[in-house]
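**Q**
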Amino acid sequence: MIKDNKFVLNPCNRLVLFGGGPLVLDIACKAVLIGYDIVVITSPRQASEDIGEGIVLSEVLKKHNIDVIVSKNINGSSIKRYLKSINKNTFFLSLGAAWIFNEEFISKVLSGKLFNLHGARLPQNRGGGGFSWQIMMGNRFGFCLMHLVDTGVDTGQIIDFEEFLFPHKCRYPIEYINYYNKKNIDFIGKIIGNAFKKKSTFSITKQSEYLSTYWPRLNQDISSWIDWSQSPEHIERFICAFGLPYKGALTTINGKNVRINKVHINYQDGVFHPYQSGVVYRIGHSWICVALDGAGIVIESVVDDVREESYMSSISVGDRFITTRKMLESSKNRVIYTPDGLKQ
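In terms of numbering that gives the first Met the number 0, the sequence shown is numbered consecutively and its last residue is 343.
#1: State the Cα-Cα distance for the pair Arg258 and Gln206, rounded to the nearest angstrom.
#2: Under a three-way DSSP split, which group does Asn64 fall into?
#3: So Phe114 packs on Ile158, CB below 8 angstroms; how close in whole Å?
#4: Thinking just about the alpha-carbon of each residue, which of Ala30, Ile68, Val7, Glu52 is nearest to the one in Gly19?
#5: Which residue's Cα is closest to the Cα of Gly317: Gly277, Phe17, Tyr336, Gln156?
#6: Please list, in chain order, all residues of the same chain as Ile134 whose beta carbon is under 8 angstroms from its beta carbon, the five residues on each side excluded.
#7: Which of helix, strand or coil does DSSP assign to Ser84?
#8: Would the beta-carbon of Asn180 fall within 9 angstroms of that of Pro21?
#9: Express the C-alpha separation of His146 and His117 in angstroms, rounding to a whole number.
#10: What span of residues does the beta strand (DSSP E) with His146 cover, start to end?
#11: Hey, quick one: how far does the beta strand (DSSP E) through Ala248 stretch, first residue to last?
#12: My assumption, with CB atoms under 8 angstroms, is that Ser110 sits in contact with Asn88. Please give the rounded CB distance.
#13: Output needed for Arg13: all residues of its chain with C-beta closer than 8 angstroms, excluding positions within five of it in sequence on either side, in chain order.
#14: On the three-state DSSP scale, how would you describe Gly188?
#15: Label Lys112 either buried or exposed according to how many other C-beta atoms from any shown protein chain fall within 10 Å of its C-beta, with 16 as the threshold for buried.
#16: Thinking C-alpha only, which one of Trp214, Ser42, Asn4, Ile1 is nearest Leu16?
#17: Runs of 3 residues minimum, wholly inside the stretch 284-320: which ones carry the beta strand (DSSP E) assignment?
#18: Would Ser93 be called buried (16 or more neighbouring beta carbons within 10 Å of its own) or exposed?
#19: Which residue marks the beginning of the alpha helix (DSSP H) containing Glu235, and which one marks its end?
#20: So what does DSSP say about Arg44, is it helix, strand or coil?
#21: For the beta strand (DSSP E) containing Ser93, list its first residue and its last residue.
#22: Is the beta carbon of Trp227 less than 9 angstroms from the beta carbon of Thr250?
#23: Comparing C-alpha positions only, which one of Gly51, Cys11, Leu210 sits nearest to Lys196?
#24: Using only the alpha-carbon positions, how far apart do Gly137 and Ile187 sit?
#25: Locate the alpha helix (DSSP H) running through Ser199, then write down its first and last residues.
#26: How about Ile225 and Phe320: are their beta carbons less than 9 angstroms apart?
#27: Please classify Asn101 as buried or exposed, where buried requires at least 16 neighbouring CB atoms within 10 angstroms.
#28: Label Ser312 either buried or exposed according to how many other C-beta atoms from any shown protein chain fall within 10 Å of its C-beta, with 16 as the threshold for buried.
#29: Considering only C-alpha positions, which residue in the set Val289, Gln123, Val297 is nearest to Tyr213?
#30: Using CA coordinates, which residue listed in Glu232, Ser300, Ile298, Trp132 is at the minimum distance from Asn348?
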């Protein structure tokens, strides 16, 4: 309920989480310790996802005796009836949910009290793509941010937020994810702790539309082709953006599709001409040195994309990494996910 720029949430003893990923598991376990009854509603894609070290979300939730509902269609009549029946004392939180929530579902089924956790500043950085976009842009500001869900994409009024800096050692998505998750377990833990069995009041902030930016989703098999004509800094950030937990950035060498990982810029060997970009000019004990437009880049991991094994020993000085124009054009195609997975 909203009144005088305040959102009032009645006491809660049940938490319903919509979505997937390791943060769903961590927050569910945190809520159990507080005393909440927990239900996780997830999509088929997210239910079967490996959330790290071979752990499948739906299986590990069941081992913790947490109720799990797997559904392609969040607007199904049985789910709506169930959610209406538990609405009164329930905290509804979306964590990367795979569905689009419509107005009827938000207002009539959940009584307008659906919250979403967003991992970046709003209204800037709406949309998907996780931390890969942030790494590409060189953004080290992090946010724990909760907002009300409306029918737009990350457009609802902001309920609460905390700003922080990612440590300088964070270079790859997995490092951002792990640090972000730790911050958000504490952030959400405080909110659901305060809401447990007592009324909570939040000051709300409307998002300014003229400051907004939106970034679409990415896919490691479609979006990750390296453009060797870019600046050294942009190439380094781009490769890092598709590092762990992803397979690496794509390119070709000697006619093979390969994944590149573990890189850093090297200014020591000289300034190279744009035509030299992509050429392997030196091979070390466990690394290769590649020319870029204005600097070099040291690469410690090159993996055959088909065989999924190291290709480093097959590379010789004078070989060149190449990404064709067709590959680069295809990487710009918009990526769309459904509850089942990537839309073909």
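Each residue gets a CB set at the ideal place from its N, CA and C atoms; glycine is no exception.
**A** Let's see:
#1: Your numbering for residue 258 matches position 259 in the sequence shown. Your numbering for residue 206 matches position 207 in the sequence shown. Near 39 angstroms, if we compare the C-alpha coordinates of Gln206 and Arg258.
#2: As a position in the sequence shown, residue 64 is number 65, starting the count at 1. Correct three-state label for Asn64: coil.
#3: Along the sequence shown, one-based indexing puts residue 114 at 115. Along the sequence shown, one-based indexing puts residue 158 at 159. Rounded, the Cβ-Cβ distance is 6 angstroms, consistent with contact.
#4: Numbered from its first residue, the sequence shown carries residue 19 at position 20. Answer by Cα proximity: Ile68.
#5: Sequence index remark: in the sequence shown, residue 317 carries index 318 (1-based). Here the closest residue by C-alpha is Gly277.
#6: Numbered from its first residue, the sequence shown carries residue 134 at position 135. Here the set comprises Arg170, Tyr171, Pro172, Tyr175, Arg236, Cys239, Ala240.
#7: Start at 1 with the first residue of the sequence shown, and residue 84 comes out as number 85. Note: Ser84 maps to helix in three-state DSSP.
#8: As a position in the sequence shown, residue 180 is number 181, starting the count at 1. As a position in the sequence shown, residue 21 is number 22, starting the count at 1. Against a cut-off of 9 angstroms, the Cβ pair of Pro21 and Asn180 comes out as a contact.
#9: Numbered from 1 along the sequence shown, position 118 holds the residue referred to as residue 117. Numbered from 1 along the sequence shown, position 147 holds the residue referred to as residue 146. Roughly 8 angstroms between the two C-alpha positions.
#10: Counting from one through the sequence shown, the residue named residue 146 turns up at place 147. That run of the beta strand (DSSP E) goes 140-147.
#11: If you number the sequence shown from 1, residue 248 lands on position 249. That run of the beta strand (DSSP E) goes 248-252.
#12: Here residue 110 refers to the residue found at position 111 of the sequence shown. Here residue 88 refers to the residue found at position 89 of the sequence shown. So it is not a contact: roughly 12 angstroms between Cβ atoms.
#13: Working through the sequence shown from its first residue, we reach residue 13 at position 14. These residues qualify, in order along the chain: Tyr35, Asp36, Ile37, Val38, Ile85, Asn88, Thr89, Phe90.
#14: The residue labelled residue 188 in the question sits at position 189 within the sequence shown. Of the three classes helix, strand and coil, the one that applies to Gly188 here is helix, per DSSP.
#15: Residue mapping note: residue 112 aligns to position 113 of the sequence shown, counting from 1. Buried, since its Cβ has 16 or more Cβ neighbours within 10 Å.
#16: Counting from 1 along the sequence shown, the entry for residue 16 is found at position 17. Among Trp214, Ser42, Asn4, Ile1, the Cα nearest to that of Leu16 belongs to Ser42.
#17: 287-290, 295-303
#18: The residue you call residue 93 lines up with position 94 of the sequence shown. Under this definition Ser93 is a buried residue.
#19: Translated into the one-based positions of the sequence shown, residue 235 becomes position 236. Residues 231-240.
#20: Your numbering for residue 44 matches position 45 in the sequence shown. Of the three classes helix, strand and coil, the one that applies to Arg44 here is helix, per DSSP.
#21: Position 94 of the sequence shown holds residue 93. Segment 89-94, the beta strand (DSSP E) holding Ser93.
#22: The residue labelled residue 227 in the question sits at position 228 within the sequence shown. The residue labelled residue 250 in the question sits at position 251 within the sequence shown. Their beta carbons are under 9 angstroms apart, which means Trp227 touches Thr250 by this criterion.
#23: On the sequence shown, position 197 is the one that residue 196 refers to. Nearest of Gly51, Cys11, Leu210 to Lys196, Cα basis: Cys11.
#24: Position 138 of the sequence shown, counted from the first residue, corresponds to residue 137. Position 188 of the sequence shown, counted from the first residue, corresponds to residue 187. Roughly 26 angstroms separates the two Cα atoms.
#25: To locate residue 199, count along the sequence shown from 1; it is residue 200. Segment 199-202 is the beta strand (DSSP E) holding Ser199; no alpha helix (DSSP H) there.
#26: In the sequence shown, the residue the question calls residue 225 occupies position 226. In the sequence shown, the residue the question calls residue 320 occupies position 321. Yes, Cβ-Cβ distance for Ile225 and Phe320 is below 9 angstroms.
#27: Start at 1 with the first residue of the sequence shown, and residue 101 comes out as number 102. Asn101 should be labelled exposed.
#28: If you number the sequence shown from 1, residue 312 lands on position 313. Per the 10 Å Cβ criterion, exposed.
#29: Position 214 of the sequence shown, counted from the first residue, corresponds to residue 213. Ranking Val289, Gln123, Val297 by Cα distance to Tyr213 puts Gln123 first.
#30: Look at the range of the chain in this structure, 0 to 343, and you will see that residue 348 is not part of it.
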